[in-house]
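Heads up: take any position in the sequence shown, counting from 1, add 4, and you land on this note's numbering.
Take a look at the structure set out below.
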Amino acid sequence: MRVHSILFAILLASATSPVAAKAHIDEPKASDSCTTKSATLDKNFPTGAYGACDTLGEKRFTLTIVPEDEGDINCSPWYAFRVTPARSTRITVKLDYEACGHRYWPKTSSDGVNWEYMPEKRVTIEGERGERTALISLKVSKDKPVFVAAQEILPPSVYDAWLDTLVGQPFATRSLLGKSAEGRDIELLRIAAPAKAQRETVVLVGRQHPPEVTGALTMFSFVETIMGDTDLARAYRARFETLVVPMLNPDGVVRGHWRHNTGGVDLNRDWGPFTQPETKLMKGLMDEVEADPGRTIRAMIDFHSTGRDVFYTIPDEFPTEPELFTKKWLELYQERMPGYEVERDARHVPGRPVSKAYAFDTYGVPGVTFELGDETDRKLLKRIGREAATAMMVTMLEAPIPGASDE
Numbered sequence: 005m006r007v008h009s010i011l012f013a014i015l016l017a018s019a020t021s022p023v024a025a026k027a028h029i030d031e032p033k034a035s036d037s038c039t040t041k042s043a044t045l046d047k048n049f050p051t052g053a054y055g056a057c058d059t060l061g062e063k064r065f066t067l068t069i070v071p072e073d074e075g076d077i078n079c080s081p082w083y084a085f086r087v088t089p090a091r092s093t094r095i096t097v098k099l100d101y102e103a104c105g106h107r108y109w110p111k112t113s114s115d116g117v118n119w120e121y122m123p124e125k126r127v128t129i130e131g132e133r134g135e136r137t138a139l140i141s142l143k144v145s146k147d148k149p150v151f152v153a154a155q156e157i158l159p160p161s162v163y164d165a166w167l168d169t170l171v172g173q174p175f176a177t178r179s180l181l182g183k184s185a186e187g188r189d190i191e192l193l194r195i196a197a198p199a200k201a202q203r204e205t206v207v208l209v210g211r212q213h214p215p216e217v218t219g220a221l222t223m224f225s226f227v228e229t230i231m232g233d234t235d236l237a238r239a240y241r242a243r244f245e246t247l248v249v250p251m252l253n254p255d256g257v258v259r260g261h262w263r264h265n266t267g268g269v270d271l272n273r274d275w276g277p278f279t280q281p282e283t284k285l286m287k288g289l290m291d292e293v294e295a296d297p298g299r300t301i302r303a304m305i306d307f308h309s310t311g312r313d314v315f316y317t318i319p320d321e322f323p324t325e326p327e328l329f330t331k332k333w334l335e336l337y338q339e340r341m342p343g344y345e346v347e348r349d350a351r352h353v354p355g356r357p358v359s360k361a362y363a364f365d366t367y368g369v370p371g372v373t374f375e376l377g378d379e380t381d382r383k384l385l386k387r388i389g390r391e392a393a394t395a396m397m398v399t400m401l402e403a404p405i406p407g408a409s410d411e
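In structure tokens, the structure reads:
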């Protein structure tokens, strides 16, 4: 998959020039960027984020990591910065958190394509949970910029490149669902066999929360499996349409937010109120399906990230249509994942304004929040996406067609 192939060029092209003036190397200085005789640190690229940069000495930097606003925010403290070395040397960067403490293990890339975890010996974590800081020791080479980020950088440009690889298929249609608050595109991918009157719809949504990259990586694999050249995928596409909104919060992603959109709202707490333009688009999309007598929503799957791999689902004692779909799906998925424990957390609070609850409360269908661990092995993420999609397609095809007995 070539979704990352142009990322480095995109990052550089979209970045503004770092501050040229050199900081006095003996005095701390806070700003959007830091420059010493050894290197410049900046955040002038999509997803770049920290609160302030301080220098103390030629090779020592401190980044203050702050949330995007003062609202009630989840502890998912994103950071991303670029180091442009003026000489070959080793620098230290301290990540000092205003709230929540260190969560994501730092990752580095020199080309925007390949990302590596920083070695343990080069990262020192200090403090208790919620107040932890991180000290990074980074070897740099003259005139060779390096990116350091909480997770792999996946801005809208990567999604654009990924969608380009998919729409050459006759069963894939890409369109504009609408615009974000700041006018960025929110894309819609429809997957369905051509010249078929599909009446059953599965809805997939991702990146409501900007830092949740492992959910995005799994979603890539999940969607590609649905689009695969297999008998199962062809049979699924002949009966079902899949509506994919891969990035619902592009503003938050580009700005390096921890959790919110630019309206200061957690989008996955706005399903019901629908106060934000992004969630209003999802409501409109789903209402349009349900208003069509030839279509009906069958499931909604929302891709996220957290500390571990887990499915948050509607409990089995709450009747859904298809009946017991989630139970059957995850049991089959477990069979396909020997040596891996599938964790399910089933609960439901009626009226809670999250996607899975809204899907069930409004349409009576299974709503699932598909959570992936922040540091789950990236090869495993691809397998998870592939096997979960395969089990989902099998389970959906085994479900009775709505209204078939009346025809």
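Virtual Cβ for every residue (Gly too), placed ideally from N, Cα, C.
It should be emphasised that the depicted structure is a prediction, and the values quoted were computed from it without experimental measurement.
In whole angstroms, give me the CA-to-CA distance for residue i and residue j.
i: L139; j: L67; result: 10 angstroms
i: T205; j: Q280; result: 24 angstroms
i: G131; j: D100; result: 11 angstroms
i: E282; j: D381; result: 31 angstroms
i: R194; j: V372; result: 20 angstroms
i: S179; j: L167; result: 10 angstroms
i: L401; j: R126; result: 50 angstroms
i: Y362; j: R356; result: 7 angstroms
i: V398; j: G298; result: 22 angstroms
i: H308; j: V314; result: 10 angstroms
i: G268; j: E72; result: 8 angstroms
i: C104; j: K98; result: 15 angstroms
i: E335; j: P342; result: 12 angstroms
i: A237; j: A197; result: 10 angstroms
i: F364; j: V353; result: 11 angstroms
i: D412; j: Q202; result: With the chain covering 5 to 411 only, the question about residue 412 has no answer from this structure.
i: Y344; j: Q155; result: 23 angstroms
i: D58; j: K47; result: 13 angstroms
i: F224; j: P159; result: 14 angstroms
i: I77; j: E375; result: 18 angstroms
i: V70; j: C79; result: 11 angstroms
i: P50; j: R259; result: 7 angstroms
i: D233; j: Q173; result: 11 angstroms
i: C38; j: R133; result: 28 angstroms
i: W333; j: A303; result: 12 angstroms
i: P149; j: S161; result: 20 angstroms
i: G182; j: G288; result: 10 angstroms
i: D235; j: E245; result: 16 angstroms
i: P323; j: S114; result: 50 angstroms
i: K3; j: E216; result: It is not possible to answer for residue 3, since the shown part of the chain is limited to 5 through 411.
i: E379; j: T310; result: 9 angstroms
i: K360; j: F226; result: 18 angstroms
Taking the Cβ atom as the reference point for each residue, do residue i and residue j lie within a distance shorter than 8 angstroms?
i: R64; j: H106; result: no
i: E102; j: G55; result: yes
i: T394; j: R340; result: yes
i: H261; j: G75; result: no
i: M251; j: Y163; result: yes
i: G389; j: T229; result: yes
i: S42; j: T112; result: no
i: K219; j: I157; result: Lys is not the amino acid found at residue 219; the sequence shown has Gly there. The answer is no: Cβ separation not under 8 angstroms.
i: R1; j: G377; result: No statement about residue 1 is possible, as the shown extent of the chain runs from 5 to 411 and does not include it.
i: W275; j: V369; result: no
i: G326; j: A403; result: According to the sequence shown, residue 326 is Pro rather than Gly. Cβ atoms of P326 and A403: closer than 8 angstroms.
i: D255; j: A185; result: yes
i: I318; j: L208; result: no
i: P89; j: D36; result: no
i: A165; j: K200; result: no
i: V87; j: L45; result: yes
i: L384; j: L221; result: no
Can you find the residues in the same chain that come closer than 8 angstroms, C-beta to C-beta, to residue i, ignoring five residues on each side of it along the sequence?
i: D320; result: L328, T330, K331 and A350
i: A176; result: L170, L193, R194, I195 and M231
i: T96; result: K63, R64, F65, L139, I140, S141 and L142
Assuming residue i and residue j are in contact, meaning their beta carbons sit under 8 angstroms apart, how far apart are those beta carbons, in whole angstroms?
i: Y337; j: E391; result: 6 angstroms
i: V257; j: R211; result: 6 angstroms
i: D144; j: P110; result: As written in the sequence, residue 144 is Val, which differs from the Asp given in the question. Not confirmed; about 14 angstroms, so no contact.
i: P277; j: N253; result: Wrong, their Cβ atoms sit about 16 angstroms apart, outside the cutoff.
Using C-beta distances below 6 angstroms, list every residue in its chain close to residue i, excluding the 5 sequence neighbours before and after it, in chain order.
i: P406; result: T300
i: M396; result: W333
i: Y367; result: I301
Give me, in chain order, the residues of the same chain whose beta-carbon lies closer than 7 angstroms to that of residue i; leave out the 5 immediate sequence neighbours on both sides.
i: A239; result: L401
i: I129; result: H106, R136 and A138
i: R91; result: S42 and K146
i: V346; result: L334, Y337 and Q338
Closer than 8 angstroms, CB to CB, is residue i near chain B or not?
i: G311; result: No chain B is present in this structure, which holds just one protein chain.
Could you tell me whether any non-hydrogen atom of the ligand ADP is closer than 7 angstroms to the CB of residue i?
i: E325; result: Of the ligands one can find in the structure shown there are none, so the ligand ADP has no counterpart to examine.
How about the region 189–198 and the region 109–128: do they share at least three Cβ pairs that are nearer than 8 angstroms? Not touching, per the Cβ criterion.
So, do the region 78–87 and the region 288–304 have three or more beta carbon pairs nearer to each other than 8 angstroms? no
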